[in-house]
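Below is one structure; the comments refer to it alone.
Number of protein chains: 2
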Amino acid sequence: MAKRKEAPKTERGQQTRQAIFDTAIDLFAKRGYDKVTVDDICAKVGVTKGAFYNYFRSKDQIILEEFMRMDEHYVRFAEEISSLPTSLEKFKVFTRAAITLMSETGVRLMKVLYHSQIAPHMSRPYLANERRYLYRITNEIIREGQERGEIREDVPSEEMASMLIDCFRGQIYHWCLANGSFDLVETCDRLMDLLLDSLKPR
Amino acid sequence: MAKRKEAPKTERGQQTRQAIFDTAIDLFAKRGYDKVTVDDICAKVGVTKGAFYNYFRSKDQIILEEFMRMDEHYVRFAEEISSLPTSLEKFKVFTRAAITLMSETGVRLMKVLYHSQIAPHMSRPYLANERRYLYRITNEIIREGQERGEIREDVPSEEMASMLIDCFRGQIYHWCLANGSFDLVETCDRLMDLLLDSLKPR
DNA sequence: TGGTTTAACATACCCTGGTATGATACTATG
DNA sequence: CATAGTATCATACCAGGGTATGTTAAACCA
């Protein structure tokens, strides 16, 4: 599922791959993604492009992999909300945690991600992969809410989840466009207030 | 405001610029944006890169300019909805017209736009320019609705407009990610049903 | 009319992400 | 032990967007 180009098969390969990854993330954080060339990364690690492209299919993929790790957090969030009384509250708290995570990740990294995911050659963008925990958990919250009669049932849960995620994603996209010049969490809180109303049964 | 690199100052310049623009749009439509090089465009026009970059600051800007023309349509839409009875209906019809326009523009072009607008070096993205007609008109509809008591007043109209636009933008982003594999207008119609509820006064 | 400016291009080049291919060294197998 | 296979990397190269620097020719003055 992770779609890594190819996992290293030797101990040495593991280390090289890891060194490339760590160095890249470090340099990106310091200078910004577009100010770091693949050659820069390789030079600092002490290898050449041959090594880089043996383990990563593109420069973008470094960012994508860093982002995919974030998905792991969602599972933790899902556990933490299990005790909340209503589905609406679960949705609210879970989403807020996710947005906070984005915010902490920083606009620079998020911007690179949102940029690369919509690139012309990108075939199966990770962001839209409905098997991600983000989708599965959101869908489950909605579905449960519908079952309990706390959420309107005229829209299938999958579709509802997708629409809601897209709404917040629009805010994130805007946040990236604006280079993080407004508080993402705060804005999404207000959006949440709007959306929660529309979820209640007719 | 248009931020064109530099407008031609002679008749000949006008024609060259126009020829480059028309040829580029034509080639993009036929082969797709990323399958057309700047040299391709220049070759067909019969000039060199020197001419191209004298009139356009980047390859992306061709797309952006095509898109900026679409903004003109919004003014027409705004006139057409002026006779509708309620603000909610105005918002609904106006937004639907805008989305339909995107849909007709095609996912290929929209994808290039959404991709280039979020590029690392992009400083003042046109999409987020709040002086665009899209923002001004939407804001005016909301403001009027609040004045009439048809729309909740606990959120300032500018902020409300921005949030709503972002919601639909999230759908468009998703649509681009999915390479247009679902019906954008239809999906946005369903989203509209959700959002309208949440706009009503508390 | 001669000199000066400047718009409109042409030429040559750089930068950088990505690829194609080859060399090396380690491992498994007969 | 010889051979084949394979993972890891190095070298050389390409493509394509973008830039820096001329060169030409028309317009504009004095």
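Residue numbers (our numbering), protein chains in the order written: chain G, 1 to 202; chain B, 203 to 404.
Ideal Cβ positions, reconstructed from N, Cα and C, are used throughout, including at glycine.
Every value quoted in this text rests on a predicted model; they were computed, and no experiment measured them.
Exposure label - residue i; buried when at least 16 CB within 10 Å
i                 : result
valine 314(B)     : buried
glycine 252(B)    : exposed
glutamate 6(G)    : exposed
serine 359(B)     : buried
alanine 128(G)    : buried
valine 309(B)     : buried
arginine 57(G)    : exposed
threonine 250(B)  : exposed
methionine 203(B) : In this prediction, methionine 203(B) scores a pLDDT of 32, lower than 50, which makes its location untrustworthy; the coordinate-derived value is nonetheless stated afterwards. The residue is exposed, with fewer than 16 neighbouring Cβ atoms inside 10 Å.
lysine 292(B)     : buried
glutamine 146(G)  : buried
threonine 225(B)  : buried
arginine 219(B)   : buried
Own chain residues within Cβ distance below 8 Å of residue i, not counting five before or after
i                   : result
lysine 294(B)       : Met394, Leu398
isoleucine 227(B)   : Ile264, Glu268
isoleucine 118(G)   : Pro125
leucine 27(G)       : Val36, Asp40, Ile41, Lys44
methionine 122(G)   : Ser116
phenylalanine 52(G) : Ile20, Val38, Ile41, Cys42
glutamate 153(G)    : Gln146, Pro201
Contact check, residue i vs residue j, beta carbons under 8 Å
i                 : j                 : result
leucine 379(B)    : isoleucine 301(B) : no
cysteine 167(G)   : cysteine 369(B)   : yes
serine 87(G)      : isoleucine 141(G) : yes
methionine 272(B) : threonine 307(B)  : yes
proline 201(G)    : glycine 149(G)    : yes
alanine 280(B)    : isoleucine 339(B) : yes
tyrosine 337(B)   : alanine 363(B)    : yes
tyrosine 133(G)   : tyrosine 74(G)    : yes
isoleucine 172(G) : methionine 68(G)  : no
methionine 365(B) : leucine 199(G)    : no
arginine 169(G)   : glycine 382(B)    : no
Per-residue DSSP class, three states only, for residue i
i                 : result
valine 277(B)     : helix
threonine 16(G)   : helix
alanine 2(G)      : In this prediction, alanine 2(G) has a pLDDT of 35, which is less than 50 and means its spatial position is unreliable; what the coordinates show is noted afterwards. In the structure shown, alanine 2(G) sits in coil (DSSP, three-state: anything other than H, G, I, E or B).
aspartate 391(B)  : helix
histidine 115(G)  : helix
glutamate 355(B)  : coil
arginine 96(G)    : helix
arginine 108(G)   : helix
threonine 86(G)   : coil
glutamate 65(G)   : helix
aspartate 26(G)   : helix
methionine 122(G) : coil
aspartate 183(G)  : coil
glutamate 361(B)  : helix
isoleucine 283(B) : coil
glutamate 11(G)   : helix
lysine 237(B)     : helix
serine 58(G)      : coil
leucine 199(G)    : helix
alanine 178(G)    : coil
Residue i - containing alpha helix (DSSP H), residue span
i                   : result
phenylalanine 52(G) : 49 to 55
isoleucine 343(B)   : 335 to 349
lysine 44(G)        : 38 to 45
Contacts around residue i, its chain only, beta-carbon distance under 6 Å, and the 5 residues preceding and following it disregarded
i               : result
glycine 46(G)   : none
alanine 221(B)  : Val247
proline 322(B)  : none
lysine 205(B)   : A caution first: lysine 205(B) carries a pLDDT of 44, below 50, which makes its placement in the model too unreliable to give a value.
arginine 392(B) : none
arginine 143(G) : Ser157
Sequence-distant residues of its chain with Cβ nearer than 7 Å to residue i (five each side left out)
i                 : result
aspartate 236(B)  : none
lysine 261(B)     : Val240
lysine 30(G)      : none
isoleucine 283(B) : Lys292, Val295, Phe296
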